[in-house]
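Novice: Numbering (this note's numbering), first residue to last: 185 to 356.
Even glycine gets a Cβ: it sits at the ideal position worked out from N, Cα and C.
Here it is, the structure, as structure tokens.
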């Protein structure tokens, strides 16, 4: 016999009391991913990508993915790396402000941030790696879906794209 399972919808009411926080225009957060650890992008290209973002943003707070190795960042001083045992929602809840931008590669964190903090939806940006590197086509569905809901973050123009693709080959 099958046991009955009752599901309870979590409305995340704990986050509602922190909705009225100012935006800090000097803070940009990057949602980390374990793409290097799972061989979807090389460490060299991932670091190159972060450095290109730093050219535009100047400083980043990098929130590590739980399965991410923080050693890959080396000594990039403009990145403050945070490895937390809690989710990104808890990190945002603990801040006294909201960042001006939240950038990253595909992550389900975008959807939970939109759910918990709907007023920051316009400051969430996703990088479409397919435009900069050759990556596995297995990610197409996730990327296409996410880009229907999250604004795209453009790193460099199309002229540089062909140069970058010729310099950095990725996995198919």
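In angstroms with no decimal places, state the Cα-to-Cα distance between residue 239 and residue 233.
Specialist: 10 Å
Novice: Which residues does DSSP list as the beta-bridge partners of residue 265?
Specialist: 246
Novice: How big is the Cα-Cα spacing for residue 258 and residue 192?
Specialist: 43 Å
Novice: Taking Cβ to Cβ, would you say residue 245 is nearer than 9 Å to residue 294?
Specialist: no
Novice: State buried or exposed for residue 253, treating a residue as buried only when at least 16 other CB atoms are found within 10 Å of its CB.
Specialist: Here residue 253 is exposed, its C-beta having fewer than 16 other C-beta atoms within 10 Å.
Novice: Cα separation between residue 276 and residue 282?
Specialist: 7 Å
Novice: Give the range of the alpha helix (DSSP H) segment to which residue 277 is assigned.
Specialist: 272-278
Novice: Relative to the C-alpha of residue 215, which residue among 267, 318, 299 is closest?
Specialist: 267
Novice: Would you mind sorting residue 285 into buried or exposed? The rule is 16 or more other CB atoms within 10 Å of its CB.
Specialist: buried
Novice: To the nearest angstrom, how far is it from the Cα of residue 340 to the Cα of residue 260?
Specialist: 20 Å
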